[in-house]
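> Counted the way the UniProt record's numbering counts, the sequence shown spans residues 1 to 236.
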Amino acid sequence: MAVNIHRLFYVCESGLGARARRLPSTGEAAIARPHTPLLSRDLIARTALALVDRHGPDGASIRRVAARLGVNPASLYNHVPNRAAMVEDVRALVSAPIDSQPLRELPWEDALRAWGRSYRRAFARHARVVPLLMTERASAPVLLAQYEDFAAAAEAAGWTLRDVIPLLTAFESFILGSVLDMSGPAVVFDPTGQEEAFPRFSAAFDTLADEDPEDPVATRAFELGLDMLIASARPR
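Have a look at this one:
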């Protein structure tokens, strides 16, 4: 069969020209943008934190985080070595807003008060993360830097290095306990109907009616406890 060479050349030339016009010009991206954000260690940690805020510690599973991101669980291991590392990244996110600058600049007791309040505020935003973080050792550099400030301030105030960890633990136990208290009912006591059996406690309970219904106990209890701890934090 005879082939019209001139027509074949015209068709090929026309097709290539049309295709060439569809190609991006020099400097334009030839690869389409992904529909989902590219995976990163920070994105994984923020996703895990959001899941913990919603579901509690069970939210911090590799499978759940991967499902939320729409990827295979194995993909996460290209960015975090294991679940423990992911949990530590979550700790770093929650701890980052804690201001330890007062420990470097203010007198010991004033520094403890400012640092303690900052610590509580940071964790109060993510109260459900507290039980999760209790399952792993703290090694996040952002938190260890704050511990370094605490240790230096305690030593400068007259505490021995041997006492620094117990002192820090006392403050953290109190602060995190206060955070957990905030995550529960505004008032955890209810002596209603038992006033005759427990008259003094019931009378004390009744005074809560004069307080802010949104926060009748937690903040006052924290400030009272913080004052008591700080008074005990004077070097012996």
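Glycine is no exception: its CB is placed at the ideal position from the N, C-alpha and C atoms.
(1) Distance, Cα to Cα, residue 192 vs residue 214?
(2) Does any C-beta atom of chain C lie closer than 8 Å to the C-beta of residue 97?
(3) Among 129, 46, 180, 171, whose alpha-carbon lies nearest the alpha-carbon of residue 109?
(4) Closest to residue 182 by CA distance: which of 97, 128, 54, 112 is it?
(5) Roughly how many angstroms lie between the CA atoms of residue 123 and residue 223, to the nearest whole one?
(6) Contact between the segment 99–119 and the segment 54–69: three or more CB pairs below 8 Å?
(7) Comparing alpha-carbon positions, which option in 196, 53, 145, 41 lies nearest residue 66?
(8) By Cβ distance, which residues of its chain are closer than 7 Å to residue 119, with the 5 residues on each side in sequence left out?
(9) Can you name, in chain order, every residue of its own chain whose Cβ lies under 7 Å from the Cβ of residue 125, other than the five neighbours on each side?
(10) How many whole angstroms separate the CB atoms of residue 151 and residue 91, which I take to be in contact at a CB cut-off of 8 Å?
(11) Quick check on the burial criterion: 16 or more other C-beta atoms within 10 angstroms. Buried or exposed for residue 187?
(12) I want to know whether the segment 73–89 touches the segment 198–217 - three or more CB-CB distances under 8 Å.
(13) Which value, in whole angstroms, describes the spacing of the CA atoms of residue 39 and residue 146?
(14) Distance, Cα to Cα, residue 43 vs residue 82?
(15) Please report the distance separating the alpha-carbon of residue 218 from that of residue 169.
(16) Just mark residue 160 as buried or exposed, buried being the case when its beta carbon has 16 or more other beta carbons within 10 Å.
(17) In the structure shown, what three-state DSSP assignment does residue 134 receive?
(18) Distance, Cα to Cα, residue 148 vs residue 100?
(19) Within 10 Å of its beta-carbon, does residue 132 have 16 or more other beta-carbons around it, so buried, or fewer, so exposed?
According to the data block:
(1) 20 Å
(2) Checking the listed chains, one finds no chain C in this structure; it contains a single protein chain.
(3) Ranking the options by Cα distance to residue 109, first place goes to 171.
(4) Closest option to residue 182, Cα to Cα, is 128.
(5) 16 Å
(6) Proximity of the segment 99–119 to the segment 54–69 falls short of the contact definition, fewer than three beta-carbon pairs being nearer than 8 Å.
(7) 41
(8) For residue 119, same chain residues with a beta-carbon under 7 Å away, outside a window of 5 residues either side, are 98, 175 in chain order.
(9) none
(10) Between residue 91 and residue 151 the Cβ distance is about 19 Å, and since that is not below 8 Å, they are no contact.
(11) Under the 10 Å beta carbon count, residue 187 is surrounded by fewer than 16 other beta carbons and is classified as exposed.
(12) Because the criterion of three Cβ pairs below 8 Å is not met, the segment 73–89 and the segment 198–217 do not touch.
(13) 29 Å
(14) 15 Å
(15) 20 Å
(16) exposed
(17) coil
(18) 9 Å
(19) buried
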